[in-house]
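Number 141 in full-length UniProt numbering belongs to position 141 of the sequence shown; there are no gaps in the numbering.
A short write-up of the structure that comes next.
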Amino acid sequence: MFEGKIPDDRPEDGHDVLGTYLQLVERVERPPSRTSFEEFKDEIRTRHGRLIESRPGIKPGQFTTQANRAGDTSFVTPDLLEGTLREGHAMMASIQDPFHRSLFLHYMMAEVHPFNDGNGRISRILMTRELLSANLSRIVVPTVFRDDYVDSLRALSRRDEPSIFVRNLEFCQRVSAACSASTAAAAIDLWAKTYAFCEDSREARLTMPNAPLKITNRNGVYAPDDYWQALANKNGLGL
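Structure (structure tokens):
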């Protein structure tokens with residue numbers, strides 16, 4: 001990713017990851033909340049086109065023409081899509097606090113779901129650009145926190161309960177800020193000491209970085225030794 005190379009064995013996935021990364025590190029000239037609606041609409045379509053250009057079947061840069069669903073959740077129907085985005089854009093621009101504004105933008109895009117795929121990535125890219133424009137820390141949602149993050153989105157979407165979503169992303173932002181480092185290796189070490197890369201969220205929870213923890217890399221996953229021990233005990237293997 002840092003070298004801009006697409007792996008030969010997974011070209012589509014590699015392009016998606018690299019495309020997301022390149023948009024996340026772009027300089028922010030003007031945040032989404034400081035654009036007209038037409039400019040905003042053009043931006044999200046252009047960004048989606050760049051993000052998904054390796055997957056023509058998903059129709060890069062085009063709004064969906066069929067109602068999107070994810071499990072029991074139904075998103076905005078195509079006939080109401082542009083009008084909902086227009087009203088949401090106006091609401092977003094009226095929010096004074098940049099952190100709250102960025103979360104609203106993220107949730108709006110995720111809830112409207114205007115594209116066939118890639119909506120979550122686009123929503124997080126836009127949230128990041130809004131945060132950076134206000135000189136605020138990025139919000140990284142690591143592997144170990146994925147279920148908490150998705151559940152908080154569901155709570156807001158299905159039960160109109162925003163506090164869990166706000167609290168979770170506020171915590172992720174504090175952890176993200178604490179893991180800032182001058183090199184990639186140092187950042188990876190800090191993140192590993194938060195249990196960020198642990199894939200079994202039943203055996204680990206996201207924390208602020210804990211300096212004394214010893215980290216071991218197993219099959220490309222950097223995690224504290226107590227996590228590996230817990231997995232071994234769970235599987236009856238021992239260490």
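A virtual CB, placed ideally from N, CA and C, is assigned to each residue, including glycine.
Cβ shell of P60 (< 7 Å), same chain only, five flanking positions each side left out
Numbered from 1 along the sequence shown, position 60 holds the residue referred to as residue 60. H48, G49, I52, E53, listed in sequence order.
Just mark S117 as buried or exposed, buried being the case when its beta carbon has 16 or more other beta carbons within 10 Å.
Here residue 117 refers to the residue found at position 117 of the sequence shown. Position check: residue 117 holds Asp in this sequence, whereas Ser was assumed. With 16 or more other Cβ atoms within 10 Å, it is buried.
Tell me whether the beta-carbon of residue 242 lies closer than 9 Å to the beta-carbon of L80.
Since the first residue of the chain shown is 1 and the last is 239, residue 242 is not available in this structure.
For Q23 and A187, the rounded distance between their alpha carbons:
Taking the sequence shown and counting its residues from 1, the one referred to as residue 187 is at position 187. Taking the sequence shown and counting its residues from 1, the one referred to as residue 23 is at position 23. Near 20 Å, if we compare the C-alpha coordinates of Q23 and A187.
CA-to-CA distance, A67 to R121, given in whole angstroms:
Sequence index remark: in the sequence shown, residue 121 carries index 121 (1-based). Sequence index remark: in the sequence shown, residue 67 carries index 67 (1-based). A straight-line Cα-Cα distance of about 19 Å links R121 and A67.
Can you tell me whether T64 is helix, strand or coil according to DSSP?
The residue you call residue 64 lines up with position 64 of the sequence shown. Coil.
Return helix, strand or coil for Y195, following the three-state DSSP convention.
Here the question's residue 195 lines up with position 195 in the sequence shown. It is coil, neither helix nor strand.
Could you tell me whether the segment 24-37 touches the segment 80-98, where touching means 3 or more Cβ pairs closer than 8 Å?
yes
Contact defined as beta carbons within less than 8 Å: I believe F40 pairs with P114. What is the distance between those atoms, to the nearest angstrom?
Residue mapping note: residue 40 aligns to position 40 of the sequence shown, counting from 1. Residue mapping note: residue 114 aligns to position 114 of the sequence shown, counting from 1. Not a contact, Cβ separation roughly 11 Å.
Validate contact between the segment 224-238 and the segment 162-179 using beta carbons, cut 8 Å, 3 pairs
Contact between the segment 224-238 and the segment 162-179 is not established, with fewer than three Cβ pairs separated by less than 8 Å.
Between the alpha carbons of I215 and L190, how many angstroms are there, rounded?
Counting from one through the sequence shown, the residue named residue 215 turns up at place 215. Counting from one through the sequence shown, the residue named residue 190 turns up at place 190. The C-alpha of L190 is placed about 10 Å away from the C-alpha of I215.
When DSSP labels each residue in this structure, what does D74 get in the three-state scheme?
Stepping through the sequence shown from its first residue, residue 74 is reached at position 74. The identity of residue 74 in the sequence shown is Ser, whereas the question assumes Asp. Note: S74 maps to strand in three-state DSSP.
With distances taken from CA atoms, which of N210, A204, R202 is nearest K193?
Position 193 of the sequence shown, counted from the start, is the residue given in the question as residue 193. It is N210.
So, under 8 Å CB-CB, L169 and I125 are touching, yes? Tell me the CB distance rounded to an integer number of Å.
Residue mapping note: residue 169 aligns to position 169 of the sequence shown, counting from 1. Residue mapping note: residue 125 aligns to position 125 of the sequence shown, counting from 1. Actually they do not touch by this definition, with Cβ atoms about 15 Å apart.
Can you tell me the Cα-Cα spacing of P7 and G14, whole angstroms?
Walking along the sequence shown from the start, residue 7 turns up at place 7. Walking along the sequence shown from the start, residue 14 turns up at place 14. If you take the alpha carbons of P7 and G14, they lie about 6 Å apart.
Taking the alpha-carbon positions, what's the R10 to T207 distance?
The count along the sequence shown starts at 1 and reaches residue 10 at position 10. The count along the sequence shown starts at 1 and reaches residue 207 at position 207. Each residue's Cα considered, the two are about 32 Å apart.
Starting from V150 and walking both ways along the alpha helix (DSSP H), at which residues does that stretch end?
Position 150 of the sequence shown, counted from the start, is the residue given in the question as residue 150. Taken as a continuous stretch (DSSP letters only), the alpha helix (DSSP H) holding V150 covers 146-159.
E199 and T143 look like a contact to me (Cβ under 8 Å); what is the Cβ gap, rounded to whole Å?
One-based indexing of the sequence shown puts residue 199 at position 199. One-based indexing of the sequence shown puts residue 143 at position 143. Their Cβ separation, rounded to whole angstroms, is 6 Å, which keeps E199 and T143 in contact under 8 Å.
From A134 to H100, what does the alpha carbon distance come to, in whole angstroms?
Position 134 of the sequence shown holds residue 134. Position 100 of the sequence shown holds residue 100. Using only the alpha carbons, I get a separation of about 12 Å.
So, under 8 Å CB-CB, S137 and S176 are touching, yes? Tell me the CB distance rounded to an integer number of Å.
The residue you call residue 137 lines up with position 137 of the sequence shown. The residue you call residue 176 lines up with position 176 of the sequence shown. Right, the Cβ-Cβ distance comes to about 5 Å (below 8 Å), so this counts as a contact.
Residue span of the beta strand (DSSP E) that contains T216, given as start and end
Walking along the sequence shown from the start, residue 216 turns up at place 216. Per DSSP, T216 belongs to the beta strand (DSSP E) from 215-218.
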